[in-house]
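Only one structure is covered here, and it is reproduced in the block below.
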Amino acid sequence: MHGRLPARYDIPGDGPGDRPGDAPGSEPPVAGAATIRQVPVLASVSARVQPLAVSARIIMLALVAALTLIATGEVAQLGWIALLAVAALPAFFTPDHRLFAPLGRFAEVTITGLAAGSIAAAAEAHGTLDAGFGAEVVLPYLTVPLLTAALRRRPTEGAALLGVAAVSLVVGGTLIGDVSPITQPGFLAAGGQWLVLGAIITFAADTMRQFMQPTEPTPQPYAEATRLLTQLRSVARSLPGATLDPGGISEHLLEELRLITPSDRSAVLSASGGGRLVVLAQTGAERVDWETTLDADSAIADAWASQQPMTANRSQARTGSRGDTSSLVVPLVAGVRTIGLVILETDVANAYPSSVVNEVTWVTDPAALRLEAALLFDDVRSLATNEERQRLAREIHDGVAQELVMVGYGIDNAQATLPEGAEETAEELRALRSEVTRVITELRLSLFELRSEVDRNGGLAAAIAEYARTLGTSAGLRVHFTFDESTARLPAATEAELLRIAQEAITNARKHAGASNLWVTCTVDPPYAEIEVSDDGRGFADDRPDGRYGLTIMAERAERIRGRLKISPRHPSGTTVAVVLGSPARRDSVRDSVSAPEGE
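No gaps in the numbering here: position 568 of the sequence shown is 568 in UniProt numbering, and each next residue is one more.
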């Protein structure tokens with residue numbers, strides 16, 4: 001069970017530059033063993049006054065009051081103007097209130113309709129205006145509440161206001177005054193005139209506003225993309241190193257939070273495909289299997305949806321710890337979008353009062369923008385990389401691959417037309433045809449590698465296994481798999497880099513090692529991961545990462561995701577290539593081991 005925290009924590013008496021957590025008056029932790037804890041909102045509500053709206057209403061009230069006094073000559077009729085002023089108070093002081101502001105507008109139109117009948121009767125009795133035309137004195141005030149509703153884009157409320165105004169006019173013209181103004185043509189004409197004008201204001205204001213706005217130019221997608229990418233390049237070059245790395249930013253954020261409040265476990269999670277979360281960084285003595293689904297009944301899901309800090313008296317891990325536990329989940333919100341979560345947990349009850357939450361949000365608010373920039377940069381880079389790989393695959397398939405196939409057909413035709421006795425030439429053509437076939441096979445495997453991606457639902461281990469089986473089958477290798485993959489996922493960009501490293505290691509073993517067996521181990525427990533590829537072939541003459549071009553590429557990819565590439569000889573023969581990301585978890589794991597003869 002969990003309690004919702006307010007989005008803001010404004011303590012009365014704080015200056016605008018004071019840190020929220022330094023404010024006096026914060027509530028102490030709630031005692032007891034309650035499982036739901038809610039930190040109250042400590043916010044001071046100040047009256048917001050809109051000067052233009054206030055001025056317009058004051059001018060209209062003054063005008064209607066003056067006309068009423070002139071038309072009727074009775075000071076008592078100014079009581080209607082006083083009632084209108086009272087009804088206008090919500091528009092003066094709470095113009096955005098969901099209840100008071102609309103009620104004030106309905107009160108204004110009601111009083112205006114009732115006043116029209118009374119003032120029309122008084123004007124006729126005074127001899128100033130007869131036939132009910134005295135209603136013209138007060139009916140112009142109808143435009144004020146109707147125009148307000150129209151400018152706030154509330155056509156339904158405007159229609160309701162018109163209906164209330166019509167009913168009020170009928171009631172005021174029937175029940176108020178010695179002579180019923182409702183029977184007089186001037187009253188009917190005045191009421192109908194201002195109701196029609198009110199309808200025009202209500203339903204034509206939005207159309208007129210759209211018509212008067214200048215037409216926006218049609219966007220040019222490629223021009224806009226060029227402009228944005230140019231800005232991105234300039235900004236990326238001006239930033240210090242590693243500031244566009246989501247993992248590095250997340251680890252730095254957890255280090256900052258550790259100085260504010262101690263925690264036994266903490267993590268930063270971000271969104272991934274399929275409505276799941278991925279772990280960007282994590283601290284603690286043991287690896288925690290956090291709840292990563294957003295449809296579960298947890299503080300994580302509630303904080304993501306509400307964009308407000310949440311506290312709970314239970315762990316947010318799938319296998320929660322026993323005993324007293326306090327957890328705090330703070331959403332990382334950039335603009336209007338939730339881009340991640342910070343989870344803090346400690347084995348102490350009621351460890352996160354409002355003062356601590358204030359301190360944590362003070363740090364996480366600016367970090368959210370940095371993390372969003374890093375995640376967007378990762379997305380752009382991944383999209384560009386994938387598009388380039390697909391483009392290369394298409395060019396190879398439609399270009400050199402087709403030409404080699406035609407060369408093969410030409411060799412076959414030459415063999416078929418050889419004269420008898422040309423055994424030496426036939427042997428050379430057979431060797432050439434065999435080499436062309438080998439190159440075409442290599443090209444097909446290269447195309448498969450270029451087009452291989454980590455499936456959103458399958459995971460990293462499945463993608464590596466598919467690639468290893470395909471290459472094992474083509475090379476006659478016996479492939480042995482060992483998988484230990486958590487239900488949690490790594491960031492998509494990290495999974496892609498690990499897949500490329502595994503592909504390069506498997507390709508090197510197939511091409512150069514002369515091996516009979518291939519061992520592929522994949523361990524994923526975010527943010528930790530380890531991919532290991534071993535063979536029983538000849539091994540490397542030089543096991544340094546820069547000794548071969550392929551090894552250099554693997555080392556660069558590992559460095560890009562802040563991983564470590566390790567190359568070592570395998571006894572009694574062969575080579576082991578491993579890439580390690582993060583630190584291993586200290587927990588028992590269940591491994592799935594599979595041996596596939598010749599890649600199957």
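By construction, the Cβ of each residue, glycine as well, lies at the ideal position given by its N, Cα and C atoms.
Distance check between Leu-232 and each of Leu-269, Asp-295, Gly-323, Val-380 places Val-380 closest, using alpha-carbon atoms only.
Below 8 Å, enough C-beta pairs join the segment 245 to 252 and the segment 268 to 285 to call them touching: three or more. Every beta strand (DSSP E) stretch that sits fully inside the segment 263 to 333 and reaches 3 residues is listed by chain position as 265 to 271, 277 to 284, 310 to 312. Between the segment 479 to 488 and the segment 407 to 422 there are fewer than three inter-stretch CB-CB distances shorter than 8 Å, so the stretches are not counted as touching.
In the DSSP assignment, His-252 falls within the alpha helix (DSSP H) that extends over 246 to 260. Where Val-342 is concerned, the enclosing beta strand (DSSP E) starts and stops at 337 to 346. Taking one beta carbon from each stretch, the segment 72 to 82 and the segment 96 to 110 have fewer than 3 pairs nearer than 8 Å; the two do not touch. Short of 8 Å from the beta carbon of Arg-57, and not among the five residues preceding or following it, lie these beta carbons of its own chain, in chain order: Ala-88, Ala-91, Phe-92, Val-144.
For Val-479, there is no enclosing alpha helix (DSSP H); the enclosing beta strand (DSSP E) has its first and last residue at 478 to 485.
Tyr-222 sits in a helix when the DSSP states are folded into three classes. Judged by DSSP secondary structure, Asp-378 falls within the alpha helix (DSSP H) whose first and last residues are 354 to 396. According to the DSSP secondary-structure assignment, Thr-202 is paired through a beta bridge with no residue.
Comparing alpha-carbon positions, the option among Tyr-352, Gln-415, Asn-508 lying closest to Asn-313 turns out to be Tyr-352. For Leu-84, same chain residues with a beta-carbon under 8 Å away, outside a window of 5 residues either side, are Leu-61, Val-64, Glu-108, Ile-111, Thr-112, Ala-115, Tyr-141 in chain order.
Taking Ala-509 as the centre and dropping the five residues before and after it, the same chain places the C-beta of Ala-515, Leu-518, Val-533, Asp-535, Gly-537 closer than 7 Å to its C-beta, in chain order. Val-268 and Gly-323 do not touch by the CB rule: their CB atoms are close to 25 Å apart, not below 8 Å. Under the DSSP definition of a beta bridge, Asp-525 partners with Tyr-528. Going by C-alpha positions, Gly-192 is about 59 Å away from Leu-229. In the DSSP assignment, Ala-578 falls within the unbroken beta strand (DSSP E) covering 575 to 581.
Taking C-alpha positions only, Lys-511 is separated from Leu-332 by approximately 47 Å. By the neighbour-count criterion, in which 16 or more other beta carbons inside 10 Å mark a residue as buried, Thr-174 falls on the exposed side. The DSSP-derived three-state label of Ser-516 is coil.
In this structure, DSSP gives Arg-562 a state outside helix and strand, which the three-state scheme calls coil. Annotated as distal: Leu-146 and Thr-94, with beta-carbon spacing of 8 Å or more. Membership of Gly-113 in the alpha helix (DSSP H) is indicated by the continuous run 100 to 126. A Cβ-Cβ distance of about 7 Å is found for the pair Ile-531 and Ala-578, placing them in contact under the 8 Å criterion. In the three-state reduction of the DSSP assignment, Arg-451 falls in the helix class, which pools H, G and I.
Here the alpha carbon of Gly-582 sits roughly 28 Å from the alpha carbon of Asp-295.
In this structure, the straight-line span from the alpha carbon of Ser-327 to that of Thr-261 is close to 12 Å. Around the beta-carbon of Pro-366, fewer than 16 other beta-carbon atoms lie within 10 Å, marking it exposed. The continuous stretches of alpha helix (DSSP H) do not include Pro-419, and DSSP gives it neither H nor E. Asp-398 and Ala-204 have their C-alpha atoms spaced approximately 59 Å apart.
Inter-segment contact for the segment 430 to 444 and the segment 396 to 414 is present: three or more beta-carbon pairs are separated by less than 8 Å. Pairing Arg-258 with Glu-345 gives a Cβ-Cβ distance that is not under 8 Å.
By a beta-carbon distance limit of 8 Å, Leu-460 contacts Leu-498. Their separation comes to about 6 Å. At a Cβ-Cβ threshold of 8 Å, Val-330 and Val-360 count as neighbours.
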